[in-house]
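Worksheet: the structure to be examined is printed underneath.
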DNA sequence: CCTCCGTTAACCGAATCGGTCAATATGATG
DNA sequence: CATCATATTGACCGATTCGGTTAACGGAGG
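Chains as they are written, first to last, in my numbering: chain W, 1 to 208; chain Z, 209 to 416.
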């Protein structure tokens, strides 16, 4: 891509990226017209082609940006260092929310890109997934201590259930199209509170 | 639409409907080409236009079919009569699964159609939603008895959490593109089992 | 042979696509 | 004001795709 893109004011860069995320997240690669992206960004198609020489380049750039931003945000917020299960759950959500506030469609875009079948881009996407996947290695389960949770509970199932519930909550907002991150944050927080009340073993005061 | 469609063998009707659900569930209304639907159904575009005079008619027919089939299946399975919370949850899932086995993309289609913005169809969709919505009136919460559940639990939050988790589970399969209904049924069932173990108050033997 | 009838290939005009390019608008410099 | 570099655009291109039409094909029954 044209390095001049980097010299644009941050805000304008973000607007263009968001336009890309928006269109590509709602249509397949092939059915996402550059003209529609340009319109969403408030610039002419010609200018968009000036910064990104063709559609594939823009798409792959968005994908890389996606991965880069995510890793940055996780490092910045200290999500990696989180050891407590509920804490890491809440931190993970905070990362998602913070990303979504700046780039409302980045989440849906990432999922769609990952499953994109178009041969023009699918191989490139899959190839660059190596690094991205390494991040999400979920080894948290093995570190859990049964003593901290209510007796007899299936911890693996509990984790799966928590994961699905948070995804289901997120999904509800996404479908509705209203990316009200504040409302989402509230819902997420209530979710974690609910889990803590239900799953954590009580009796000996503060655990650990 | 052409009444001759009804005289087609059930199987062929279903193939055509599924082709429609498939394409319309993956693209917006405007970006779902009739040719693609015809190909997916294994017939020529001309024949598709022979049964449905134009795209809008096919789309609205699919939508109506969607609502009709759902109500039928819920009546057939006796979901409406279910009073127990977990039971109605499991019955509801069974309905979804049974529909999804015959029409793999009907769920995603329904959601997309509901939020479709294209002025050519959006008003018609919204208008016909009156009947459809009446079905989903969730008055279940008010009938619940606190004595049946673990002490101090927020029943409304519990229900919300269960709903989100099942939606999140479904959503995971949908994104992956693999509509393995048997695996989904297993996951759903395990979910309900888990909820029962965690949420139901124990002590006085069988409740009620 | 003819006549239905399900089905299709070929076609139509209009729109849209990715991408190019010459022209214009803008702003700094002398 | 004139000059020049740069940012931005409208107009255009050839190719493709769109929704929809139409004439013809092909097989079954009389």
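Backbone N, C-alpha and C define an ideal beta-carbon position, used for all residues, glycine too.
Problem set entry | Which of helix, strand or coil DSSP assigns to residue 353 of chain Z | One-based indexing of the second chain puts residue 353 of chain Z at position 145. In the structure shown, residue 353 of chain Z falls within a coil segment according to DSSP collapsed to helix, strand and coil.
Exercise. Counting along the chain, where does the alpha helix (DSSP H) carrying residue 280 of chain Z start and finish?
Worked result: Along the second chain, one-based indexing puts residue 280 of chain Z at 72. Membership of residue 280 of chain Z in the alpha helix (DSSP H) is indicated by the continuous run 263–285.
Exercise. CB residue 224 of chain Z to CB residue 256 of chain Z, shorter than 9 Å?
Worked result: Your numbering for residue 224 of chain Z matches position 16 in the second chain. Your numbering for residue 256 of chain Z matches position 48 in the second chain. Going by C-beta atoms, residue 224 of chain Z is nearer than 9 Å to residue 256 of chain Z.
Exercise. In terms of residues, what are the limits of the alpha helix (DSSP H) holding residue 333 of chain Z?
Worked result: Here residue 333 of chain Z is taken as the residue at index 125 of the second chain, counted from 1. It spans 330–335 - the alpha helix (DSSP H) in which residue 333 of chain Z sits, taken as one unbroken run.
Problem set entry | Rounded separation between residue 220 of chain Z and residue 174 of chain W - CA only | Here residue 220 of chain Z refers to the residue found at position 12 when the second chain is read from its first residue. Here residue 174 of chain W refers to the residue found at position 174 when the first chain is read from its first residue. So the alpha carbons of these two residues sit roughly 35 Å apart.
Exercise. Taking only beta-carbon atoms, is residue 226 of chain Z less than 9 Å away from chain W?
Worked result: On the second chain, position 18 is the one that residue 226 of chain Z refers to. Output row for residue 226 of chain Z: interface = no.
Problem set entry | DSSP bridge partner residues for residue 408 of chain Z (one or two, in chain order) | Reading the second chain from its first residue, position 200 is the one you call residue 408 of chain Z. According to DSSP, which records beta bridges pairwise, residue 408 of chain Z is partnered with Z:357.
Exercise. If you count every other CB in all the chains shown that lies within 10 Å of the CB of residue 226 of chain Z, and 16 or more means buried, which is it?
Worked result: Here residue 226 of chain Z refers to the residue found at position 18 when the second chain is read from its first residue. With 16 or more neighbouring CB atoms inside 10 Å of its own CB, residue 226 of chain Z falls in the buried class.
Problem set entry | Separation of residue 158 of chain W from residue 375 of chain Z, as counted between CA atoms | Taking the first residue of the second chain as 1, we reach residue 375 of chain Z at position 167. Taking the first residue of the first chain as 1, we reach residue 158 of chain W at position 158. Distance from the CA of residue 375 of chain Z to the CA of residue 158 of chain W, rounded to the nearest whole angstrom, comes to 16 Å.
Exercise. So, helix, strand or coil for residue 112 of chain W, using DSSP?
Worked result: Position 112 of the first chain holds residue 112 of chain W. Reduced to three states, the DSSP call for residue 112 of chain W is helix.
For this session: Look at residue 235 of chain Z and residue 27 of chain W and say whether their C-beta atoms are less than 9 Å apart.
Result: By one-based count along the second chain, residue 235 of chain Z stands at place 27. By one-based count along the first chain, residue 27 of chain W stands at place 27. The Cβ-Cβ distance between residue 235 of chain Z and residue 27 of chain W falls below 9 Å.
Exercise. In chain order, what residues of the same chain lie with their CB nearer than 7 Å to the CB of residue 228 of chain Z, ignoring the 5 residues before and after it?
Worked result: Counting from one through the second chain, the residue named residue 228 of chain Z turns up at place 20. Excluding its 5 nearest sequence neighbours in each direction, residue 228 of chain Z has C-beta neighbours in its own chain below 7 Å: 245, 266, 270, listed in chain order.
Problem set entry | C-beta neighbour in chain Z for residue 211 of chain W, strict 9 Å | Outside the shown range of chain W, which is 1 to 208, sits residue 211 of chain W, and nothing can be said about it.
Problem set entry | Assigned secondary structure, residue 208 of chain W (DSSP; H/G/I helix, E/B strand, else coil) | Taking the first residue of the first chain as 1, we reach residue 208 of chain W at position 208. Any reading at residue 208 of chain W is ruled out, since the residue's pLDDT is 43, under 50, leaving its predicted position unreliable.
Exercise. Counting contacts by CB-CB distance shorter than 9 Å, is residue 171 of chain W in contact with chain Z?
Worked result: As a position in the first chain, residue 171 of chain W is number 171, starting the count at 1. Yes, its Cβ sits closer than 9 Å to a Cβ of chain Z.
Problem set entry | Rounded C-alpha distance that separates residue 409 of chain Z from residue 379 of chain Z | Locating residue 409 of chain Z in the second chain gives position 201, where the first residue counts as 1. Locating residue 379 of chain Z in the second chain gives position 171, where the first residue counts as 1. Each residue's alpha carbon lies about 30 Å from the other.
Problem set entry | residue 238 of chain Z in three-state terms, based on DSSP | As a first step, residue 238 of chain Z must be located in the second chain, where it is residue number 30. Reduced to three states, the DSSP call for residue 238 of chain Z is coil.
Exercise. Quick one: which chain W residues come within Cβ less than 8 Å of residue 385 of chain Z?
Worked result: Sequence index remark: in the second chain, residue 385 of chain Z carries index 177 (1-based). 115, listed in chain order.
For this session: Would you mind working out which of Z:259, Z:275, Z:305, Z:281 sits nearest residue 389 of chain Z, comparing C-alpha positions?
Result: In the second chain, the residue the question calls residue 389 of chain Z occupies position 181. Taking only the C-alpha atoms, the option nearest residue 389 of chain Z is Z:305.
For this session: Would you identify the three-state DSSP class for residue 170 of chain W, choosing helix, strand or coil?
Result: Taking the first residue of the first chain as position 1, residue 170 of chain W is located at position 170. Note: residue 170 of chain W maps to helix in three-state DSSP.
Exercise. With 9 Å set as the bound, which would you pick, yes or no: does the beta-carbon of residue 196 of chain W sit closer than that to a beta-carbon of chain Z?
Worked result: Stepping through the first chain from its first residue, residue 196 of chain W is reached at position 196. Closer than 9 Å: no.
Exercise. Between the Cα of residue 222 of chain Z and the Cα atoms of Z:252, Z:359, Z:239, Z:273, which residue gives the shortest distance?
Worked result: As a first step, residue 222 of chain Z must be located in the second chain, where it is residue number 14. Ranking the options by Cα distance to residue 222 of chain Z, first place goes to Z:273.
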